[in-house]
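In the working numbering, the protein residues as written are 1309 to 1852. All C-beta atoms in this analysis are idealised placements derived from N, C-alpha and C, irrespective of residue type, glycine included.
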């Protein structure tokens, strides 16, 4: 995070200056070193418009790929173009929400299908059913890092994601044709393998377009697809399962897989034309908008969001493996995911209230609507304050209260309120994801691997969580005790990671890393110093 008073520094020795939080670029007419406290508000107000023109020329030189022949723009024009860019970008990225809804529905519709005979028709024991759930995450884990390394190196990520959608939509429909335990295990493994491309890929694409001060809110909007799908899946499940039983001689749960898989494949076609690619080559944006998109990312941390040619194909992977921050986030996040594993069993947990399967599915929806609202508000406030850890721990505390209520009482009203509190704990999960991106800002190759590694490892929490909820005695009291303990581990991990970042920020403030420059860095230099803050411009601070 940048110091609240702003840090002023030279860029490329061309007297190109910028400060945060206003992100206003300035240029000096003299080749002298200018310190922050020496620049008064009156002097800043008198900077000429020509400084903005020189800024454009310099950024054209820095940003890759180069945008030769781009029109120069004055500051007023820059503001107009940036507003147009963000409106257009927000509109096109909104499709990620719909994709995430279908991603989640195709992955978790087994929970609703279970209520209408899937387990009985396939002759699955409780352990076999849990295995069908957990095997998906094995394929999911295997593919995430290779997929994100690939998507970071291609110029058309929109096509890659749309092709992955076609694949998992087709595989999802095949779930409706399964006859036994072996069939379902095979289909679920393949589904996880192909679905692995979406979430880390979407997070990477968003991090290439939005600054650190915007990313948490956009991630929250993306994850609303996850939260809405929890509610939406219950409503769709209720509609299909109550009306499609016996249609054309097939069980209603089979129709559930077929219908949702077909919708996914339809959205995949739209995604190829609507989703943005990269700031330097995205279709549907003007050259001015693409230029401003690149400037925004340079201004955010002081360097272009591009990989050095010297880094190599596996440089980002090597840097990620050598950075201790990743391992802290991996183990913290896996504990968090175990704590959130109730979501895959939410209809079952709602069923403990004692209602029929249709009322149970309908009652499963409102807690996730509540969670969506809480998540957006929490993310917006996290972006506004540029604070992370309390916006994670607050929702965790909310969920912990919900767990304790369910452990302590069998009262129907109290347990239903507790389900709202449990769903609200997802708000911190969203902020955690943005913490990953902001903690590994450059180079993008390393960020791509970091996002995928942390997300992939966290899926072990879903594997473990599939068995945590086998403990049905006393209204899943033992299961609630386990996830409550995992929330405690998450709290400890978040505090430790915050302490690590505060230590790095203190070093940066003391200037201990000022002599490590990024210009002229070789691949060996980069791999020797995997913490990207060593090469950031003065003024860079980690968000805590």
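For residue i, three-class secondary structure by DSSP
{"i": "residue 1689", "result": "helix"}
{"i": "residue 1795", "result": "helix"}
{"i": "residue 1584", "result": "coil"}
{"i": "residue 1767", "result": "helix"}
{"i": "residue 1696", "result": "coil"}
{"i": "residue 1605", "result": "helix"}
{"i": "residue 1522", "result": "helix"}
{"i": "residue 1670", "result": "helix"}
{"i": "residue 1490", "result": "helix"}
{"i": "residue 1475", "result": "helix"}
{"i": "residue 1592", "result": "coil"}
{"i": "residue 1662", "result": "coil"}
{"i": "residue 1707", "result": "helix"}
{"i": "residue 1778", "result": "coil"}
{"i": "residue 1718", "result": "coil"}
{"i": "residue 1852", "result": "coil"}
{"i": "residue 1815", "result": "helix"}
{"i": "residue 1783", "result": "helix"}
{"i": "residue 1423", "result": "coil"}
{"i": "residue 1552", "result": "coil"}
{"i": "residue 1530", "result": "helix"}
{"i": "residue 1464", "result": "coil"}
{"i": "residue 1648", "result": "coil"}
{"i": "residue 1731", "result": "helix"}
{"i": "residue 1758", "result": "helix"}
Residue interval of the alpha helix (DSSP H) (run including residue i)
{"i": "residue 1387", "result": "1383-1401"}
{"i": "residue 1659", "result": "1654-1659"}
{"i": "residue 1485", "result": "Neither: residue 1485 is in no alpha helix (DSSP H) and is coded neither H nor E."}
{"i": "residue 1435", "result": "1434-1461"}
{"i": "residue 1427", "result": "1426-1429"}
{"i": "residue 1508", "result": "1506-1517"}
{"i": "residue 1743", "result": "1734-1747"}
{"i": "residue 1630", "result": "It is not in any alpha helix (DSSP H) - residue 1630 carries neither H nor E in the DSSP assignment."}
Residue i versus residue j - alpha carbon distance
{"i": "residue 1515", "j": "residue 1638", "result": "19 Å"}
{"i": "residue 1791", "j": "residue 1649", "result": "8 Å"}
{"i": "residue 1801", "j": "residue 1405", "result": "29 Å"}
{"i": "residue 1421", "j": "residue 1481", "result": "13 Å"}
{"i": "residue 1273", "j": "residue 1410", "result": "In this structure the chain extends from 1309 to 1852, so residue 1273 is not present and cannot be described."}
{"i": "residue 1712", "j": "residue 1785", "result": "9 Å"}
{"i": "residue 1597", "j": "residue 1438", "result": "48 Å"}
{"i": "residue 1657", "j": "residue 1558", "result": "27 Å"}
{"i": "residue 1355", "j": "residue 1397", "result": "Only weak support exists for where residue 1355 lies, its pLDDT of 40 falling under 50; the value from the coordinates is given anyway. So the alpha carbons of these two residues sit roughly 31 Å apart."}
{"i": "residue 1774", "j": "residue 1562", "result": "22 Å"}
{"i": "residue 1632", "j": "residue 1808", "result": "10 Å"}
{"i": "residue 1520", "j": "residue 1608", "result": "7 Å"}
{"i": "residue 1544", "j": "residue 1603", "result": "43 Å"}
{"i": "residue 1575", "j": "residue 1395", "result": "22 Å"}
{"i": "residue 1384", "j": "residue 1391", "result": "11 Å"}
{"i": "residue 1577", "j": "residue 1659", "result": "37 Å"}
{"i": "residue 1461", "j": "residue 1783", "result": "49 Å"}
{"i": "residue 1579", "j": "residue 1459", "result": "15 Å"}
{"i": "residue 1539", "j": "residue 1818", "result": "49 Å"}
{"i": "residue 1522", "j": "residue 1594", "result": "22 Å"}
{"i": "residue 1489", "j": "residue 1696", "result": "43 Å"}
{"i": "residue 1718", "j": "residue 1647", "result": "21 Å"}
{"i": "residue 1503", "j": "residue 1771", "result": "16 Å"}
{"i": "residue 1605", "j": "residue 1517", "result": "7 Å"}
{"i": "residue 1541", "j": "residue 1815", "result": "48 Å"}
Cβ of residue i within 8 Å of any chain D Cβ
{"i": "residue 1691", "result": "In the displayed structure, chain D is absent; only one protein chain is listed."}
The ligand ATP heavy atom lying under 7 Å from the CB of residue i
{"i": "residue 1723", "result": "Annotation note on the ligand ATP: not contained in the displayed structure, which lists no ligands."}
(Q) Counting beta carbon pairs with one atom in the region 1718-1732 and one in the region 1740-1758, are three or more of them shorter than 8 Å? (A) no
The region 1586-1597 contacting the region 1475-1484, beta-carbon criterion three pairs below 8 Å: no
Does the region 1629-1637 come close enough to the region 1540-1560 that 3 or more CB-CB pairs lie under 8 Å? no
Could you tell me whether the region 1751-1766 touches the region 1662-1671, using the rule of 3 or more Cβ pairs below 8 Å?
no
Using 8 Å as the cut-off, can you tell me whether the region 1446-1464 makes contact with the region 1561-1575, which would need three or more C-beta pairs spanning the two stretches below that distance?
no
Counting pairs of Cβ atoms below 8 Å between the region 1422-1442 and the region 1671-1690, do you hit three or more? no
Can you confirm whether the region 1458-1471 touches the region 1508-1527 when touching is taken to mean that 3 or more C-beta pairs between the two stretches lie within less than 8 Å?
yes
Using 8 Å as the cut-off, can you tell me whether the region 1681-1697 makes contact with the region 1526-1536, which would need three or more C-beta pairs spanning the two stretches below that distance? yes
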